[in-house]
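The opening position of the sequence shown corresponds to residue 109 in the working numbering, with each subsequent residue numbered one higher. The beta carbon of each residue, even a glycine, is placed where N, CA and C say it ideally should be.
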Amino acid sequence: MDDFKHYTVMLNEAVDALECQDGKIYVDCTLGGGGHSELILKRIQPSGKLFSFDIDDEAINHSKERLKDYKNLTIIKSSYTNIKSELKKHGIDKITGGVILDLGASYHQLTKAERGFSFSKNAPLDMRFDMESDFSAYDLINTYKEADLVRIFSEYGEERFSKRIAKKIVETRAKSPIRTTQELSDLVIAATPHIKSSIHPATRVFQAIRIEVNNELKNVTKVLNDILDLLEVGGIISCISFHSLEDRIVKNIFRYESQKCRCNDMICKCKPPRIELVNKKPIMASVEEIKENPPSRSAKLRVVRCINKW
């Protein structure tokens, strides 16, 4: 029985932005539950091609069944950071239509207890998107130096009590390894002052760990630069981010690549901008969608179009 649960955020907005056309090549960098992929496939019939990436076996198995009737779909079990090499294996060296990139972890990943993403469900510390990876949240928490823990919690979680939490982790693991989400959550609560807030005290720490374990921010930078290399003139990137750190990277790359001058010299020698901003301000989820799926409230959709190839 397929118990895979996934809500497709900004389904119509993100796919509408691609302006899908029959006969062109599209990429869904984050297949997940297959919602975006399915709508793209419906719009590029009969001869458009879609390549969809994911590293999560459960997501792939679910989406293979959901999308089994579409003959112009290729599902690739690999990280989107390998987009260039993986597409090359399939004889693709340019993306003529567009790319959709949904940077959020799936509902299924975050809520399935044994994946260890949530402090609300006791489970082994894991947090890997790719279950074949040999580095998990357990390794991070039990091996990173105190200074590195402080840096990660500060930079990736924007946690103001990073030093206190890191110190408590190091003291605790010296006696016995920290093995579960419950242990870590309780430790964070014990290390921080009680402050009245709607946000659980461990929220930022768990976010920071997840980002570090999966190299999320470095991967965003890499994949966007690779996509820009592959995208043909007229091709579109439709990118959804879910927290400020990701969105800042997306916004800065898009802004930089759309500027006429990027050198700041007295006499500009820059090549023409590679992209244009389709929407200068991010598109947000509708009120109706947020009511149906509250996590959608943090989603931001940014869209750009390729206008020059160098």
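About 14 angstroms separates the beta carbon of Ile-200 from that of Ile-183, a gap too long to meet the 8 angstroms contact definition. Around the beta carbon of Cys-128, 16 or more other beta carbons lie within 10 angstroms, which makes this residue buried.
Just so you know, the alpha carbons of Met-235 and Gly-205 end up roughly 33 angstroms apart. The Cβ atoms of Phe-350 and Val-313 do not sit closer than 7 angstroms to each other. When beta bridges are read from the DSSP output, Met-392 appears opposite Lys-408. By the neighbour-count criterion, in which 16 or more other beta carbons inside 10 Å mark a residue as buried, Gly-131 falls on the exposed side. Phe-243 and His-308 have their C-alpha atoms roughly 26 angstroms apart. In this structure, the alpha-carbon of Glu-384 lies about 20 angstroms from that of Asp-210. Counting only runs of 4+ residues, the alpha helix (DSSP H) found wholly inside the stretch 259-344 occupies 270-283, 289-299, 311-321 and 324-338, in chain order.
The continuous stretches of alpha helix (DSSP H) do not include Ser-244, and DSSP gives it neither H nor E. In this structure, Asp-355 lies near Lys-408, with their beta-carbon atoms less than 7 angstroms apart.
Between Val-135 and Ile-345, the C-beta spacing is not below 7 angstroms. Where Phe-161 is concerned, there is no enclosing alpha helix (DSSP H), although the beta strand (DSSP E) around it starts and stops at 157-162. Out of Phe-269, Ile-319 and His-170, the CA that lies nearest to the CA of Val-296 is found in Phe-269.
Put simply, of Gly-141, Lys-185 and Ile-375 the residue whose alpha carbon is nearest the alpha carbon of Gly-212 is Gly-141.
Pairwise C-beta distances place the stretch 185-192 in contact with the stretch 324-334, as three or more of them are shorter than 8 angstroms.
Annotation: the continuous alpha helix (DSSP H) that includes Leu-195 extends over 191-197. Residue environment analysis places Ser-306 among the exposed positions, since fewer than 16 neighbouring C-beta atoms fall within 10 angstroms of its C-beta. The beta carbon of Trp-418 sits closer than 6 angstroms to the beta carbons of Lys-379 from its chain, once the five residues preceding and following it are set aside; these are given in chain order.
Burial state of Gln-315 is buried, judged by a 10 Å Cβ sphere holding 16 or more other Cβ atoms. Listed in chain order, the non-local C-beta contacts of Leu-119 below 8 angstroms within the same chain comprise Gly-143, His-144 and Leu-147, local neighbours out to five positions each way being set aside.
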